[in-house]
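Peer 1: Those letters in the sequence shown? Residues 1 to 136, per UniProt numbering, in order.
The structure's right below; bear with me while I get my questions together.
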Amino acid sequence: MKQEWKAEELSSVGLAFVGDAIWEIYARQHCLNKGVRKPNDLHKLCTKYVSARAQASALSALMPALTDAEAAIVRRGRNAKSAHVRRNVDVLVYRHSTAFESLIGYLHGTGQRDRLEEIVSMALQYLDDPEKESQK
Numbered sequence: 001m002k003q004e005w006k007a008e009e010l011s012s013v014g015l016a017f018v019g020d021a022i023w024e025i026y027a028r029q030h031c032l033n034k035g036v037r038k039p040n041d042l043h044k045l046c047t048k049y050v051s052a053r054a055q056a057s058a059l060s061a062l063m064p065a066l067t068d069a070e071a072a073i074v075r076r077g078r079n080a081k082s083a084h085v086r087r088n089v090d091v092l093v094y095r096h097s098t099a100f101e102s103l104i105g106y107l108h109g110t111g112q113r114d115r116l117e118e119i120v121s122m123a124l125q126y127l128d129d130p131e132k133e134s135q136k
């Protein structure tokens, strides 16, 4: 499928829309790579990675590793006005998860595949073991 949209032309919410889907694919592949096969177990495990809290937490861990341009995308995503906020999530957590998704959408949309893989790998490693990462 040919990509005809340009990341630079999308709003932060548009980038987050794409980033949400891309992150979901990475998270599902990660769960499958862990050997989980039952649909219910897959769903439960994937929630560990795709929830707003998980995304906000991963972003916090990633911030020191981001370039200035990536940090600017994160700020735009965090400050984006969304039409709604999930009822079960704090507004700040939701904004940070939107910022994370914006970053993923931006990297995907600009064709920065190596950097996307690097960011995704760091996020997944952190979410697998946040205690280990915080001791570095």
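Virtual Cβ for every residue (Gly too), placed ideally from N, Cα, C.
Ignoring anything shorter than 4 residues, give me the alpha helix (DSSP H) runs that lie fully in the segment 61–106, in order along the chain.
Peer 2: Counting whole runs of 4 or more residues, the segment 61–106 contains the alpha helix (DSSP H) stretches 68–79.
Peer 1: Who are the near neighbours of residue 60 in its chain, counting only those whose CB is closer than 8 angstroms to its CB and skipping five residues on each side?
Peer 2: Around residue 60: 96.
Peer 1: Comparing alpha-carbon positions, which option in 4, 23, 71, 76 lies nearest residue 11?
Peer 2: Of the listed residues, the one whose Cα sits closest to residue 11 is 76.
Peer 1: Would the segment 98–109 and the segment 22–35 be scored as touching if the rule is three or more Cβ pairs under 8 angstroms?
Peer 2: They touch, by the three-pair rule.
Peer 1: Quick one: any contact between the segment 122–129 and the segment 44–57, if contact means 3 or more CB pairs under 8 angstroms?
Peer 2: With a cut-off of 8 angstroms, the segment 44–57 and the segment 122–129 count as touching, because enough Cβ pairs lie within range.
Peer 1: Check residue 126 in the structure and name its three-state DSSP category.
Peer 2: The answer is helix: DSSP assigns residue 126 an H, G or I state.
Peer 1: Which residues bound the alpha helix (DSSP H) around residue 24?
Peer 2: Per DSSP, residue 24 belongs to the alpha helix (DSSP H) from 12–33.
Peer 1: Identify, in the order they occur along the chain, each residue of the same chain with its Cβ nearer than 7 angstroms to the Cβ of residue 65, setting aside the five sequence neighbours on each side.
Peer 2: Around residue 65: 122.
Peer 1: Using 10 angstroms around the beta-carbon of residue 18, count the other beta-carbons present and answer buried if the total reaches 16, otherwise exposed.
Peer 2: Residue 18 is buried by the Cβ-count criterion.
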